[in-house]
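Below is one structure, written out as structure tokens, with a few remarks after it.
Protein chains in written order, with the working numbering: chain A, 42 to 205; chain B, 44 to 385.
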């Protein structure tokens with residue numbers, strides 16, 4: 042059977058050709074190809090890893106930022122409440138002080154008014170007394186012009202006194 | 044009138060001969076020859092005549108196979124038409140028997156196809172290697188991206204899975220070369236025009252050499268555990284090993300049957316594909332002899348079948364290359380396997 046009875050020449054050439062292909066490719070092609078593939082796979086893996094890391098860093102940064110923002114907001118809130126409190130306090134203080142001052146002023150004004158009133162009353166009293174004395178003098182002068190009347194009045198006064 | 048009769052008789056004999064030739068034609072297509080026959084126009088054969096290199100009776104003899112045209116004999120050598128050495132160059136010795144020359148290393152059709160194939164494989168992969176060096180860490184391009192999936196497939200799914208993470212890299216150059224050599228040979232064999240069309244992997248010498256390489260590498264890289272498994276197969280009842288060493292004998296035989304099976308599988312698959320394809324094409328001519336119309340009618344069926352088979356052959360080309368390499372890798376894996384300590 043021709044099919045399964047190969048010639049020695051074919052075996053010789055096949056061995057030679059296959060060995061040569063194996064040698065040449067094994068020396069010059071496969072190491073370069075496999076190395077290239079491996080390197081590329083590594084670089085891709087590295088790129089993926091670094092991308093993942095960057096993503097994580099981004100995430101971390103974001104949470105940091107959020108934290109910072111939250112802190113800032115809280116601080117703003119406390120500052121605001123403090124400011125409000127301070128404002129209230131200042132306003133309250135100012136009010137209190139103003140009230141006090143106002144009452145002091147009113148008090149002193151009242152006192153002044155009182156003393157002025159008293160002084161005025163005193164003047165009015167003394168003036169009234171002077172006028173009364175003058176009027177009484179004039180009335181007495183008029184009344185005691187005639188002697189008979191003088192005598193009668195003295196007697197009457199005496200009578201009253203002795204009765205007392 | 045008589046002349047006309049003779050010619051018609053001759054014509055009839057010719058037809059008879061041509062019909063009988065179909066089997067020979069198919070065999071000629073799948074076997075080796077000293078010339079590369081392309082096609083025949085009328086009586087004129089268009090062939091590539093390859094060099095014949097012989098060593099006989101202490102001399103090197105070199106001549107072109109064109110000297111053997113039309114069954115001619117040259118320097119006492121002719122191609123045997125029958126007998127045990129059919130298709131090979133023989134000379135008739137003193138006793139009138141056909142004997143082979145001492146050494147025949149002619150560049151036959153198959154050898155020439157092997158050389159072309161080897162040259163192309165080397166060329167392609169050297170250029171790919173160059174692009175890997177040049178385009179470091181970049182995306183593959185052109186031929187590189189065409190063959191990279193196959194390279195990755197052989198590396199990851201064949202070599203690494205069969206041999207194991209630690210040792211597979213040592214065998215990669217061989218497995219890659221084997222795979223692409225077989226694949227390219229298979230595909231060239233399907234391609235019907237020169238330099239394709241030669242039946243390289245459907246030749247038992249070619250597959251035998253590759254199986255022998257696998258056998259040598261397996262045996263060379265075998266460790267103690269591999270031989271222990273052969274001579275003292277675990278998980279087998281003791282009476283299969285002693286007093287008659289039945290299992291060791293079977294296992295020892297297995298060392299040789301494994302590469303033998305590799306050789307036969309690839310050879311048989313490729314040669315059968317070629318024979319069936321050639322058969323379908325020949326059907327057209329067989330029916331054509333009965334009538335031109337019938338020939339045309341059958342050709343539609345025949346060609347559609349041939350196209351289907353051709354596509355099937357492309358699939359087979361890949362599958363057989365894959366199977367050969369996968370089994371080789373599995374054998375290497377077996378030879379280098381380290382027993383797990385429990």
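Beta carbons are placed, not taken as given, at the ideal position from N, Cα and C, and that holds for glycine.
Source: prediction; values computed, not measured.
Residue 325(B) versus residue 337(B) - alpha carbon distance: The alpha-carbon atoms of residue 325(B) and residue 337(B) are separated by roughly 13 angstroms.
Rounded C-alpha distance that separates residue 166(A) from residue 134(A): It is roughly 46 angstroms from the alpha-carbon of residue 166(A) to the alpha-carbon of residue 134(A).
Contacting residues, own chain, Cβ-Cβ under 6 angstroms from residue 238(B) (five flanking each side not counted): Taking residue 238(B) as the centre and dropping the five residues before and after it, the same chain places the C-beta of 159 closer than 6 angstroms to its C-beta, in chain order.
Supposed contact pair residue 375(B) and residue 206(B) - C-beta distance, whole angstroms, cut 8 angstroms: Beta-carbon to beta-carbon, residue 206(B) and residue 375(B) are separated by about 5 angstroms, close enough to satisfy the 8 angstroms threshold.
Any chain A beta carbon closer than 9 angstroms to residue 176(B): Interface residue, yes.
Where residue 54(A) falls, given that 16 or more other Cβ within 10 Å makes a residue buried: A buried status is given to residue 54(A), since no fewer than 16 other beta-carbon atoms sit within 10 Å of its beta-carbon.
Same chain only: Cβ atoms within 6 angstroms of residue 264(B), ignoring 5 sequence neighbours per side: Only 378 and 379 meet the Cβ criterion.
Chain-ordered chain A contacts of residue 172(B) [CB-CB under 9 angstroms]: At a beta-carbon threshold of 9 angstroms, the residues of chain A lying near residue 172(B) are 66, 69, 70, 71, 72, 73, 74 and 77, ordered along the chain.
For residue 134(B), the first and last residue of its enclosing beta strand (DSSP E): Bounds of the beta strand (DSSP E) holding residue 134(B) are 132–135.
Buried or exposed by the 16-neighbour rule on C-beta atoms within 10 Å, applied to residue 312(B): By the 10 Å Cβ count, residue 312(B) comes out buried.
Residues of the segment 100–123 of chain A whose Cβ lies closer than 7 angstroms to any Cβ of chain B, in chain order: Listed by position, the residues of the segment 100–123 of chain A near chain B (Cβ gap below 7 angstroms) amount to none.
Delimiting residues of the alpha helix (DSSP H) encompassing residue 373(B): Per DSSP, residue 373(B) belongs to the alpha helix (DSSP H) from 335–379.
Residue interval of the beta strand (DSSP E) (run including residue 103(B)): That run of the beta strand (DSSP E) goes 102–107.
Beta carbon proximity, residue 84(A) to chain B, threshold 9 angstroms: Interface residue, yes.
Cross-chain neighbours of residue 44(A) in chain B, by beta carbon under 9 angstroms: For a Cβ distance threshold of 9 angstroms, residue set 70, 73, 74, 245, 246, 247, 310 and 314 of chain B lies close to residue 44(A), ordered along the chain.
Nonlocal neighbours in the same chain, by C-beta distance under 6 angstroms from residue 120(B), ignoring five residues either side: The beta carbon of residue 120(B) lies closer than 6 angstroms to those of 132 and 134 in the same chain, with the five residues before and after it left out.
Contact set between the segment 264–287 of chain B and chain A, restricted to residues whose Cβ is under 9 angstroms from the partner: Within the segment 264–287 of chain B, no residue qualifies.
Residue-chain proximity (residue 151(B), chain A), Cβ-Cβ < 9 angstroms: For residue 151(B), the answer is yes, since a Cβ of chain A falls inside 9 angstroms of its Cβ.
Counterpart residues of residue 90(B) in DSSP-defined beta bridges: DSSP, once it has assigned bridges, lists 80(B) as partnering residue 90(B).
Spatial distance of residue 367(B) from residue 177(B) (CA atoms): Cα atoms of residue 367(B) and residue 177(B): separation of roughly 32 angstroms, rounded to the nearest angstrom.
Segment contact, 8 angstroms Cβ cut-off, at least three pairs: the segment 148–155 of chain B with the segment 72–81 of chain B: As far as the Cβ criterion goes, the segment 148–155 of chain B touches the segment 72–81 of chain B, which means the pair count is three or higher.
Residue 283(B) in three-state terms, based on DSSP: Helix.
Residue span of the alpha helix (DSSP H) that contains residue 268(B), given as start and end: It spans 267–274 - the alpha helix (DSSP H) in which residue 268(B) sits, taken as one unbroken run.
Secondary structure, alpha helix (DSSP H): runs of 4+ residues fully inside the segment 142–202 of chain B: Counting only runs that start and end inside the segment 142–202 of chain B, the alpha helix (DSSP H) elements of at least 4 residues fall at 152–177 and 186–195.
Contact check, residue 257(B) vs residue 298(B), beta carbons under 9 angstroms: In this structure, residue 298(B) does not lie closer than 9 angstroms to residue 257(B) by Cβ.
9 angstroms Cβ cutoff, residue 147(B) in contact with chain A: With a threshold of 9 angstroms between beta carbons, residue 147(B) makes contact with chain A.
Bounding residues of the alpha helix (DSSP H) (the contiguous stretch that carries residue 211(B)): Element bounds for residue 211(B): 211–233.
Contact set between residue 161(B) and chain C, taken where Cβ atoms lie within less than 8 angstroms: The chain inventory of the structure shown lacks chain C, comprising the protein chains A and B.
Own chain residues within Cβ distance below 8 angstroms of residue 54(B), not counting five before or after: For residue 54(B), the pLDDT reaches just 46, beneath the cut-off of 50, and the residue's location in the model is therefore unreliable, leaving the point undetermined.
Identity of the residue in 184(B), 352(B), 84(B) and 300(B) nearest residue 318(B) by Cα: Minimum Cα distance to residue 318(B) is reached at 352(B).
Beta-carbon gap between residue 71(A) and residue 216(B) smaller than 9 angstroms: Inclusion of residue 71(A) and residue 216(B) in the CB contact set at 9 angstroms is warranted, their separation being smaller than that value.
Extent of the continuous beta strand (DSSP E) run through residue 122(B): Run containing residue 122(B): 120–122, per the beta strand (DSSP E) assignment.
Short Cβ contact (9 angstroms threshold) for residue 47(A) with residue 372(B): Contact: no.
Residue burial classification, residue 108(B) (beta-carbon count within 10 angstroms, cutoff 16): Residue 108(B) is buried by the Cβ-count criterion.
Contact test: residue 246(B) Cβ vs the ligand PLP heavy atom, cutoff 8 angstroms: Among the components modelled here there is no ligand, and therefore nothing to report on the ligand PLP.
Chain B contact residues for residue 80(A), given Cβ-Cβ distances below 8 angstroms: Proximity of chain B to residue 80(A) at the Cβ level (cut-off 8 angstroms) is accounted for by 179 and 180, in chain order.
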